[in-house]
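Below is one structure, written out as structure tokens, with a few remarks after it.
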Amino acid sequence: AICEEIAIYATEIYQKESSGSVQRLLFSKFDAAELDSLFKPGTFVDAVFSLDPYDYHQNAGIKLVAKKLIIHCM
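If you're matching positions, the sequence shown starts at 1 in UniProt numbering and goes up one per residue.
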């Protein structure tokens, strides 16, 4: 969703500096390349997941949803 010129992802994304400070990341648009640049090989990520049930066109199941990601900067 876009709210006041800020793109809002369903997943909250934070960046944790080596000093320990944590900052929520805000994006001006939905951009896969911008997200891709955050996840370099060897990057540590803490994640909070939930199991969400769904029923779509008579197909029921459970999906794994990332609610919160904390990307550790080295």
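C-beta atoms are modelled at their ideal positions from N, C-alpha and C, and glycine is treated no differently. These numbers come from a predicted model, not from an experiment.
Along the chain, where does the alpha helix (DSSP H) containing residue i start, and where does it finish?
{"i": "Ala-33", "result": "32–38"}
According to DSSP, is residue i part of a helix, a strand, or is it coil?
{"i": "Phe-69", "result": "Reading off the sequence shown, one finds Leu at residue 69, where the question assumed Phe. Strand."}
{"i": "Phe-44", "result": "coil"}
{"i": "Ser-50", "result": "strand"}
{"i": "Lys-63", "result": "strand"}
Roughly how many angstroms separate the alpha carbons of residue i and residue j, rounded to a whole number?
{"i": "Gly-42", "j": "Ile-71", "result": "11 Å"}
{"i": "Asp-46", "j": "Asn-59", "result": "31 Å"}
Grab me the residues of residue i's own chain with a C-beta within less than 6 Å of its C-beta, minus the 5 sequence neighbours each way, in chain order.
{"i": "Glu-17", "result": "Cys-73"}
{"i": "Lys-67", "result": "Val-48, Ser-50"}
{"i": "Leu-38", "result": "Ile-71"}
Less than 8 Å between C-beta atoms, sequence neighbours within five positions excluded: which residues of the same chain meet that for residue i?
{"i": "Ile-62", "result": "Leu-51, Asp-52, Pro-53, Tyr-54"}
Which residues mark the beginning and the end of the beta strand (DSSP E) in which residue i is found?
{"i": "Lys-16", "result": "12–16"}
{"i": "Gln-23", "result": "22–24"}
With the cut-off set at 9 Å, would you say residue i and residue j are in Cβ contact?
{"i": "Glu-12", "j": "Arg-24", "result": "yes"}
{"i": "Tyr-14", "j": "Leu-69", "result": "yes"}
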